[in-house]
Every structure is written in structure tokens, then in C-alpha cells.
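Protein chains in written order, with my numbering: chain V, 618 to 1020; chain L, 19 to 163.
Note that CB positions come from ideal geometry on N, CA and C, so glycine has one too.
Values in this document were obtained by computation on a predicted structure and should not be read as measured data.
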Ligand SMILES: Cc1ncc(COP(=O)(O)O)c(C=O)c1O
């Protein structure tokens, strides 16, 4: 393949050159363990402190409220399991949504098996939770609300400020999985009244295997990885200095470029959506039309299945993803697409294209041109399409008979 | 993930299409699980499969197994076609990833369903052919950790 068009930036992003450059000295030159006493450890310590400030600044937090973790999944697990444990004496009820990432959903499922009660809020056709439903779900024994800031599949952004307000008024800690939102949309933990926030380096041109959990001062939460006294005794493990440095740099850059990056992506993304909806029949856009991540487009094409679409696109050098069952390793299509009310067969035919700020208009035009052919080819092979066309013909005939 | 043969049959599927007034047609699978296969058979007076066509909604393996299954039954007698098992389809494709084995079962089932339809239409009994199950719903247990 001489040319690759990478449209799977919600899955992971390329480490930017600036981030990589910042990280490199911490592999061979300043490889010290920053917990050590000798002077050689000083530079590592300073670098970690700087990264912590950078990570905090992006969400208006204090540096001492940032804890580095092994990624978004660990942050979600930690926030939910440890809060559940810490507040167990008050109650065992947790509220979350049906469209959370599995890092949240499976964690909640695990807690359910251990005596906790979890309410999974429905979402509307655009993927938003209902604030009324959230209020109604609150109980005296509710100890945590965990609702994601932005969805990884359909890009829908939740009304985080309103959720934070409701949680605050009810005196319930509010955790948000901001893995897709951190560095992509403005977030301020005080204004939004967020108590805990998960983010992951590799979604904002930083390295993989490094994340943060923001924990507001005063929120009771136990440590999750036990061992050494790193991260003020709350998260053991020798600090991943290059990863932390990379995370900090990525956060700093994201803070400076977020607006322009968003504008750029939105322009090209909107062009993509416009063309796909206009030129490919029996297609719908999934997710909210305006309250959505600037780089996300998610479509459902009727009568076809996602994996075959991905393979054909792959052969053209196009990297994309789908919510079909075959790509998830289970028989059910994406829980997010089902939660917004798509029938199974339509959920199977979904395609997620997530851009970067380097995605060009030419690339997107090439993708649409090829996508049209791919869809047509698969539809011509589809028994569902065959049935549909026959039905249409029948209807036409009936219509004529009536006339 | 897929063998070269699977990719070949996915990229260049043999016998895609429909047959007008087929001797038998069978549709199996369901859209819920993401696989539907339909196979059309044209069978002559001697019970030989003269032509076969398919349409499939499904993943790469579903398309490739349908394509291979049609190749394996073409020109065969009804009895011989009955012996084309999912294993034979898989072997002819140089194997399938474990999660895709059900696609080959679906292909076998689609052939059987089309043969069943042919037998019903002609009032004949094909030795060893059972009424097809419309829905192959494997209940694969999810592993819990
Ligand atoms: C919304 C969301 N939460 C959590 C995760 C998990 O993050 P990580 O891959 O860093 O563990 C992801 C990424 O796949 C995600 O998109």
C-alpha cells in the first residue's frame, strides 16, 4: 500500500513529533527513577511535575489532583471501583449510562456481581441522556454518578455541566470518562462540577499506556494499585517518566491548538457527512448533529454488514472502524448503536470515520468516491437489498393498480 | 486474519446473483446476528445441480464460505451436495478463524435449505436431509474474568 488514509483517530492517534521529541531524553539520558534521592533523579522529578501541571491546566485542576495511571481503562476502573468501596457504608447504588465504554460498563457489571446496584440510563436517538431520568434515578443510597463526556463511537457530547450540577446538589460524586473529550473540547472541572475525570494519552497524540485520573481534593477514594508510595501513596508503581512527559506535552499542545484543530476537522468532517448523506442512499448519520466531537462521523448503511465494508476499505488503504458484531468479536453489534435505537441489522452496517487535523479534503473525497462503490458492491450481494428492491417493485405495482 | 483463499473468495466471489424460477432456494441466518445467506439452485431432471447462485449479507468469512460452498456443489448430484459439510468448506478455504466457524455452518445450512425447498417443491425425499433450522444461533459462552 503506497498510501494510507487513517480515519480511526478515535481508536488511537499518532504520537506527534513534538511529543516524541519531548519524551526521548527520558529513555536513555534521564532514565532515573524520580523517587530516588540522588541528584540524577532531579531532572526526572522536575519533568513529572511539569507534566502534572500541564495535565492539570487543560481542565482547570490543581496539579496535586492529577494522578498518572496506565491509561483510560485503569482510570475508569480505579474511579468506579475505589469510589464504590470508599462510599459503601453510605450505599451501594451507582448511576451510569448505557453508552459508556466497556471500561466503565464492565466495571459496573463486576460491581453488580459484588452486591452493588447499577442504574444504566437510556439515551435518546442522538445519544444523550435525559437529565430528568438522571434526577429520578437518584436515591438516598446513590454513591456515584459516572457519565462519559463524549462518546467514542458516535461522538455525542453529554450535558456535563447539567449532570455536574445535579450530582453536586444531590451530594453525589460525579465521575466522567473524558477519554475522548480531554484535549478535544474545553473542560473545566470546577465550572462543570466534576469530581473525577479519566483521560488517556493516546487519544490526543500522546503515547499509549499512560492516562490520568483527576480526583478532586476531598473526594474519598482508596488506592487501586497497591505497592510503593508513588503518586502520594494512591497509585503504586515506578513512574512511567517518558509516558508522563509525553502526556504532559500532548496536553499542553492540545490546550494551545484545540480551537483551530476543531475548526479544521469540523470543516472537513461536515463536507464528508454532507457528501455521504447526499450521494449514498439509505444512509443515516448516527450521533448528535451539532453536539458531537469535531472529528467524528458515524454512518449506518442499510442492507450491508460492517466487516466486509472495512475489509474492502482496507484494501484501498483506508483505516476505519465499525460497530458490527463481527468486528467486536461477539454476536451483538455495538451497544451504543443499539442504545440509540438502531435495529440490529442497521447497527451491523455502521461505519465510523474519525479524522485528525491532518486529514485533507482530497482524502475525504477519495474515501467517499470509493465508499460509494464499496456500498454498491455489497448491496448487490445482499439478500436484504434484494428483498427490499422486490418490495419496492411490489409497492409500485400496487400503487399503479390503485390508480 | 483471513487465509489467502478466503480473501480471494471475498474479493472475487463466485456465483453471486439470483436464479429466476429456481429449483430450490434457501435463506438462513438472521440479520440480528449479522449473517444472512441465500442460495439458489438450478437442478435438472437427473438431479444434477446445473447452476447455483448466492447472495450474502455478512462479514468477509460469510461471503467467502457462501462462495466456496456454491463452488463445491456446482455440477454435483443432490446426494453429493448433501455431503458438502461445513468442514469441507473450511478446508477448501484453508481454514477460518475460530470466531468465524459459524459462517461455514451457515453455508452448509443454506445449501441444505435450498435442497429442502427443491425436495418440497418436487414432492421427493432426499435421504439424510433434515428440515433446515432457519436460525443458527450459537450460544457461545462469554468468558468471565
Ligand atoms: C471513552 C473511552 N473510555 C476508555 C477508553 C480506554 O482507554 P485506554 O485505551 O487508554 O485504556 C477508551 C479508548 O479506547 C475510550 O474511548
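- Annotation for residue 88(L): 32, 33, 57, 70, 71, 72 place their beta carbon closer than 8 Å to its own, counting only its chain and skipping 5 residues before and after.
- Annotation for residue 961(V): 949, 950, 955 place their beta carbon closer than 8 Å to its own, counting only its chain and skipping 5 residues before and after.
- For residue 670(V), the enclosing alpha helix (DSSP H) stretches over residues 659 to 674.
- Residue burial annotation: residue 145(L) is exposed, with fewer than 16 other C-beta atoms found within 10 angstroms of its C-beta.
- Under the DSSP assignment, residue 713(V) falls in the beta strand (DSSP E) whose first and last residues are 710 to 714.
- Of all residues in the stretch 26 to 45 of chain L, those with a C-beta nearer than 8 Å to a C-beta of chain V are 28, 29, 31, 34, 36, 45, reading in chain order.
- Where residue 42(L) is concerned, the enclosing beta strand (DSSP E) starts and stops at 42 to 48.
- Residues of the stretch 928 to 939 of chain V with a Cβ closer than 7 Å to any Cβ of chain L, in chain order: 928.
- Between ligand 1 and residue 908(V), a heavy atom-to-CB distance of less than 7 Å is absent.
- In this structure, residue 796(V) has its beta carbon less than 7 Å from a heavy atom of ligand 1.
- For the stretch 70 to 84 of chain L, the set of residues with a beta-carbon nearer than 7 Å to any beta-carbon of chain V comprises 73, 74, 75, 76, 77, 78, 81, in chain order.
- In this structure, ligand 1 has no non-hydrogen atom nearer than 7 Å to the beta-carbon of residue 912(V).
- Counting along the chain, residue 997(V) sits inside the alpha helix (DSSP H) bounded by residues 978 to 997.
- By the Cβ-count criterion, residue 645(V) is exposed, with fewer than 16 other Cβ atoms from all chains shown falling within 10 Å of its own Cβ.
- A Cβ of chain V is located within less than 8 Å of the beta carbon of residue 50(L).
- Taking 9 Å as the Cβ-Cβ cut-off, the stretch 900 to 932 of chain V approaches chain L at 920, 921, 922, 923, 924, 925, 927, 928, 929, 932, given in chain order.
- Rounded to whole angstroms, the separation of the alpha carbons of residue 655(V) and residue 969(V) is 50 Å.
- Neighbourhood of residue 54(L) in chain V, by CB distance below 7 Å: 1000, 1001, in chain order.
- If one requires a minimum length of 4 residues, the alpha helix (DSSP H) runs lying completely within the stretch 70 to 101 of chain L are 78 to 91, 96 to 100, in chain order.
- The straight-line gap separating the alpha-carbon atoms of residue 142(L) and residue 62(L) is approximately 14 Å.
- No heavy atom of ligand 1 is found nearer than 7 Å to the CB of residue 625(V).
- For residue 723(V), the distance from the CB to the nearest heavy atom of ligand 1 is not below 7 Å.
- Between residue 823(V) and residue 689(V) the beta-carbon gap is near 12 Å, outside 8 Å, which marks them as no contact.
- Under the criterion of beta carbons closer than 8 Å, residue 713(V) and residue 763(V) qualify as touching, at roughly 5 Å.
- Residue side-chain check: residue 903(V) keeps its Cβ at 7 Å or more from all non-hydrogen atoms of ligand 1.
- In the structure shown, residue 929(V) falls within a helical segment according to DSSP collapsed to helix, strand and coil.
- Residue 767(V) is bridged by DSSP to 774(V).
- In this structure, residue 938(V) sits away from residue 78(L), with a CB-CB distance that is not shorter than 8 Å.
- A straight line joining the alpha-carbon of residue 84(L) with that of residue 111(L) spans about 11 Å.
- If you check the CB distance, residue 692(V) and residue 910(V) do not come in under 8 Å.
- For residue 53(L) against residue 37(L), the beta-carbon gap comes to about 21 Å, at or over 8 Å, which does not count as contact.
- Judged by their CB atoms, residue 916(V) and residue 902(V) are nearer to each other than the 8 Å cut-off.
- The C-beta of residue 817(V) has 16 or more other C-beta atoms within 10 Å across all chains shown, which makes the residue buried.
- Residue environment: residue 907(V) is assigned as exposed (fewer than 16 neighbouring CB atoms within 10 Å of its CB, all protein chains considered).
- Between ligand 1 and residue 690(V), a heavy atom-to-CB distance of less than 7 Å is present.
- At least one heavy atom of ligand 1 is found less than 7 Å from the C-beta of residue 765(V).
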